[in-house]
Amino acid sequence: MVKKKNFKLIAEIGWNFLGNLSLAKKMILAAKNSGADFVKFQIWNPDNLKSGSWDKDGRREIYKKSFLDEKKFKILSKYSSKKKIGCFASVFSEKDLSLYSKITKNVVKVPSHEAYNFKLIKKCIKTFKLVLISCGCLKKRELISLLNLVANKKNVVLMHCVSSYPLDEKNCNFEKFYYLKRNFQKVGYSGHLKGINDALHAISNGSLYTEKHFTINNKLKGRDNKFAILPKEMRTLSNYIKNLEDFNIKRGLDLQKCEKDIFKNYRGRWQK
């Protein structure tokens with residue numbers, strides 16, 4: 049039986065704070081108070097962004113406003129440490145990794161966008177104590193190649209993920225989650241479904257690290273704020289994890305002590 053202390057909750061703030069460090073701190077505190085074990089941000093530089101549809105729909109401007117440089121991430125990391133909650137980030141390139149590894153070498157996330165980037169993954173495995181890899185947006189042959197790459201790597205957790213924002217229930221595809229569990233020791237879940245039902249299912253089936261997008265207000269600007277879970281939902285997940293070990297205590301098939309009153313005084317009571 050997996051001990052409840054081994055289950056970790058990650059509140060992905062990402063860029064939901066839209067460059068406002070005061071708002072980011074409020075989100076960190078809300079995540080801590082809601083029972084999350086970690087907050088997660090994203091490390092990228094808009095100067096490295098290729099041309100694309102984001103140049104026409106306003107996203108590039110949002111990226112410029114929201115990105116974290118070394119100074120800003122240090123501020124948020126220090127604040128998280130003060131509030132006693134773990135803090136880490138996703139990296140999207142080797143340049144990002146170079147910057148991020150100057151700040152910490154504890155935890156890093158390789159997002160689904162870069163799960164094919166084996167050069168980046170190898171550097172992460174070599175540098176960090178814990179490497180979380182989202183397995184979304186991969187073809188089957190790429191997934192198998194990734195499994196071969198990280199085989200026997202004790203500092204790696206493979207996280208089932210479907211790269212759709214937001215995600216539809218019928219596309220959660222936990223078949224891949226079960227496949228990862230059969231073929232790798234440590235498995236987690238990074239979910240984009242609105243609400244927490246997917247996370248509850250993942251935890252019930254042994255997800256060691258469970259990540260959900262997190263906000264304090266679904267009406268804030270930005271796509272991810274719209275489907276991110278709120279503090280009360282994170283608290284529900286936290287409480288569920290606390291109960292999970294109790295749910296699985298083996299009491300055998302016989303009468304339990306807690307049932308003796310009903311057994312003795314209530315059986316047959318309506319059969320005068």
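In this note's numbering, the protein residues as written are 49 to 320.
Cβ atoms here follow ideal geometry from the backbone N, Cα and C, with glycine treated the same way.
* Cβ contact (3+ pairs, closer than 8 Å) linking the segment 163 to 170 and the segment 111 to 122 -> no
* Report the rounded CA-to-CA distance for residue 189 versus residue 237, giving the unit in angstroms. => 20 Å
* Any heavy atom of the ligand ZN within a distance shorter than 7 Å of the CB on residue 287? -> As far as ligands go, the structure on display features none, and thus does not contain the ligand ZN.
* To do: Give the range of the beta strand (DSSP E) segment to which residue 260 is assigned.
  => 257 to 261
* To do: Kindly list the residues whose CB is nearer than 6 Å to the CB of residue 62, restricted to its own chain and excluding five residues on each side of it in sequence; keep chain order.
  => 90, 272
* Asked: Where do the N-terminal and C-terminal ends of the alpha helix (DSSP H) with residue 185 fall, by residue?
  -> Careful: residue 185 lies outside any alpha helix (DSSP H) and carries neither H nor E.
* residue 112, DSSP secondary structure in three states -> Secondary structure at residue 112: helix, using DSSP grouped into helix, strand and coil.
* **Backbone secondary structure at residue 322 - three-state DSSP** => The first residue shown for the chain is 49 and the last is 320, placing residue 322 beyond what the model contains.
* Can you tell me whether residue 303 is buried or exposed, with buried defined as 16 or more other CB within 10 angstroms of its CB? -> That one is exposed.
* Asked: If we count the other Cβ atoms within 10 Å of its Cβ and call it buried at 16 or more, is residue 13 buried or exposed?
  -> A question about residue 13 goes unanswered here, because the residues of the chain that appear run from 49 up to 320.
* Would residue 298 count as contacting chain C if we go by Cβ distances under 8 Å? -> Considering every chain present, this structure includes no chain C. It has just one protein chain.
* Beta-carbon proximity check, residue 279 vs residue 149, cutoff 8 Å -> Taking 8 Å as the cut-off, the beta carbon of residue 279 is found no closer than this to the beta carbon of residue 149.
* Asked: Relative to the C-alpha of residue 333, which residue among 254, 124, 54 is closest?
  -> Shown here, the chain extends from 49 to 320; a query on residue 333 therefore has no answer.
* Asked: Are the segment 259 to 273 and the segment 307 to 314 touching, with three or more C-beta to C-beta distances below 8 Å?
  -> no
* Asked: Counting along the chain, where does the beta strand (DSSP E) carrying residue 244 start and finish?
  -> No beta strand (DSSP E) contains residue 244, which DSSP labels as neither H nor E.
* To do: Return helix, strand or coil for residue 139, following the three-state DSSP convention.
  => strand
* Asked: In whole angstroms, what separates the C-alpha of residue 286 from that of residue 86?
  -> 12 Å
* Determine, using beta-carbon pairs with one atom in the segment 137 to 147 and one in the segment 199 to 208, whether at least three such pairs fall under 8 Å. => no
* **Where residue 49 sits in the DSSP three-state scheme** => Note that residue 49 has pLDDT 45, beneath the 50 cutoff, so the model's placement of it is unreliable and the number below is only indicative. Coil.
* Taking the alpha-carbon positions, what's the residue 132 to residue 79 distance? -> 11 Å
* When you compare only the Cα positions, how much space is there between residue 174 and residue 195? -> Straight across, the Cα-Cα distance linking residue 174 with residue 195 is about 17 Å.
* To do: Could you name the residues that DSSP lists as bridge partners for residue 57?
  => 258
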